[in-house]
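Step one of this worksheet: look at the structure below.
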Amino acid sequence: MKKISVLAIDLGGESGRVIKMDFDGVKFYLEEIHRFPNLPVEASGTTYWDVLSLWREIQSGIAKSSSVNSLGVDSWGWILPCSTVMESCLVIRFTTVINAQKE
Numbered sequence: 285m286k287k288i289s290v291l292a293i294d295l296g297g298e299s300g301r302v303i304k305m306d307f308d309g310v311k312f313y314l315e316e317i318h319r320f321p322n323l324p325v326e327a328s329g330t331t332y333w334d335v336l337s338l339w340r341e342i343q344s345g346i347a348k349s350s351s352v353n354s355l356g357v358d359s360w361g362w363i364l365p366c367s368t369v370m371e372s373c374l375v376i377r378f379t380t381v382i383n384a385q386k387e
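The numbering of the sequence shown is the numbering used here, which starts it at 285 and goes up by one.
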């Protein structure tokens, strides 16, 4: 069987990572290719995803990997849709949950 390689891009609440998974027909092999911070930005009391920074980091992670058969993206939290990449995307976090975790 020909080796199959895929990339998983995971955007967490505080960091992102690009993970490569290879399957040789018998075993799976996982390797973290790239890790980066996911730091929202605040403007006028509103928190936004730094979409351009995330895009650059994702591109960097993809560039570090050899050819792959497929790619998937997973993100944490709610992201309100943006009509363009240049438009700011709101970050919604439930402060009651965050405050409960601190206690």
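Where is the CB? At the ideal position from N, CA and C, for every residue including glycine.
Could one say the Cβ of residue 311 lies closer than 8 Å to chain D's Cβ atoms, at least one of them?
Checking the listed chains, one finds no chain D in this structure; it contains a single protein chain.
Apart from the five residues on each side of it in sequence, which residues of its chain come closer than 8 Å, Cβ to Cβ, to residue 299?
The residue given as residue 299 occupies position 15 in the sequence shown. For residue 299, where only same-chain residues beyond five positions count, the Cβ hits under 8 Å are 319, 320, 321, 322.
Starting from residue 291, follow the beta strand (DSSP E) in both directions and report where the run begins and ends.
Here residue 291 corresponds to residue number 7 of the sequence shown, with the count starting at 1. Counting along the chain, the beta strand (DSSP E) containing residue 291 begins and ends at 288-295.
Less than 6 Å between C-beta atoms, sequence neighbours within five positions excluded: which residues of the same chain meet that for residue 308?
Position 24 of the sequence shown, counted from the start, is the residue given in the question as residue 308. Around residue 308: 287.
Which class does residue 333 belong to by DSSP, given the choice of helix, strand or coil?
For the purposes of this step, residue 333 is identified with residue 49 of the sequence shown, where counting begins at 1. Correct three-state label for residue 333: strand.
Residue range of the unbroken beta strand (DSSP E) whose run includes residue 299
Numbered from its first residue, the sequence shown carries residue 299 at position 15. Element bounds for residue 299: 299-307.
Apart from the five residues on each side of it in sequence, which residues of its chain come closer than 6 Å, Cβ to Cβ, to residue 313?
Counting from 1 along the sequence shown, the entry for residue 313 is found at position 29. Around residue 313: 306.
Bridge-paired residues (DSSP) for residue 321
Sequence index remark: in the sequence shown, residue 321 carries index 37 (1-based). Residue 321 is bridged to 299.
Please identify the residue among 291, 289, 295, 290 whose C-alpha is closest to the C-alpha of residue 334.
Against the sequence shown, residue 334 aligns to sequence position 50. Answer by Cα proximity: 295.
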